[in-house]
Amino acid sequence: MEKTGIVYECLKCGSPVSSEELELRGGETKCTVCGYRILKKVKPPVVKRLKAR
Ligand SMILES: [Zn+2]
Numbered sequence: 000m001e002k003t004g005i006v007y008e009c010l011k012c013g014s015p016v017s018s019e020e021l022e023l024r025g026g027e028t029k030c031t032v033c034g035y036r037i038l039k040k041v042k043p044p045v046v047k048r049l050k051a052r
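Using numbering that gives the first Met the number 0, the first residue of the sequence shown is number 0, and each one after it goes up by one.
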């Protein structure tokens, strides 16, 4: 399973934190900007393709 593409958002400062960044820091669930420990999982932005006709 791929872990890439999961993005968390800090509930305190709202900074996006990727799961890759968390792993680089030893797997600690912690905001990389302010250090707050509560992050919510958000979906990465999906680029919608408009069908050209
Ligand atoms: Zn933060």
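C-beta: ideal position from N, C-alpha, C; glycine also.
Being a predicted model, the structure only gives us computed values, none of them experimental.
For residue i, the residue or residues it bridges with in DSSP
i     : result
CYS9  : LEU38
VAL16 : TYR7
Exposed unless 16 or more other CB atoms sit within 10 angstroms - verdict on residue i
i     : result
CYS9  : buried
LYS29 : buried
VAL16 : buried
Rounded separation between residue i and residue j - CA only
i     : j     : result
LYS40 : LYS50 : 30 Å
GLU22 : CYS33 : 17 Å
LEU38 : GLU20 : 13 Å
CYS63 : VAL6  : Residue 63 falls outside the range modelled here, since the chain spans only 0 to 52, and no answer is possible.
When a residue counts only if its C-beta is closer than 6 Å to some heavy atom of ligand 1, which residues count, in chain order? CYS9, LYS11, CYS12, SER14, CYS30, VAL32, CYS33, TYR35
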